[in-house]
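Report on the structure given below.
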Amino acid sequence: MLKGLGGLGDMAKMMKSAQELQTKMAQMQDELHNVMVVGESGAGLVKATASAKGELKGLDIDPSIFNGDDKEVVEDLILAAIKDAQSKAADKAQEEMTRLTESMGLPKDIKLPF
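Sequential numbering from 22 applies to the sequence shown in the numbering used here.
Structure representation (structure tokens):
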């Protein structure tokens, strides 16, 4: 019996796992386009909806904030809502990545290039 050949089965298993991970990661990336998060500012007066990929999809502004000369305040609230949505999108994407890597038996804090 040759000792060096025993590792070939492990290598094939590892390659299969890597291909499976790559397929699942591609599916997850596609799904993140359909997962929506909502960021808010001004106690909900401005709401920004984004995909979990961070793409802005919608903006809802309560008309009550358009009183007087509050242009800068309105702009700040809009930016804050968008930043909140983007932050939640990044958190959701990381949560999905962690779920995927753990389901594959990989450490939850593994850093992959995706």
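A virtual CB, placed ideally from N, CA and C, is assigned to each residue, including glycine. Small disclaimer: the values here were computed from a predicted structure and weren't measured.
Q. Apart from the five residues just before and just after K74, which ones in its own chain have a Cβ nearer than 6 Å to its Cβ?
A. Result list for K74: L53 and H54, in chain order.
Q. Residues in its own chain within less than 6 Å of D51 by CB, not counting five upstream and five downstream?
A. Sequence-distant partners of D51 (beyond 5 residues in either direction) whose C-beta falls short of 6 Å from its own C-beta are missing from its chain.
Q. Which runs of the alpha helix (DSSP H) fall wholly inside the segment 54-131 and span at least 4 residues, in chain order?
A. Runs found: 92-124.
Q | Distance between beta carbons of V58 and A102, contact taken as under 8 Å | A | About 11 Å separates the CB atoms of A102 and V58; that is not less than 8 Å, and the two are not in contact.
Q. Any heavy atom of the ligand MN within a distance shorter than 8 Å of the CB on I99?
A. You won't find the ligand MN in this model; it holds no ligand whatsoever.
**Q.** Best match in K34, D31, M32 and T44 for proximity to T223 [C-alpha to C-alpha]
**A.** What the structure shows of the chain is the stretch from 22 to 135, and residue 223 is not part of that stretch, so it cannot be assessed.
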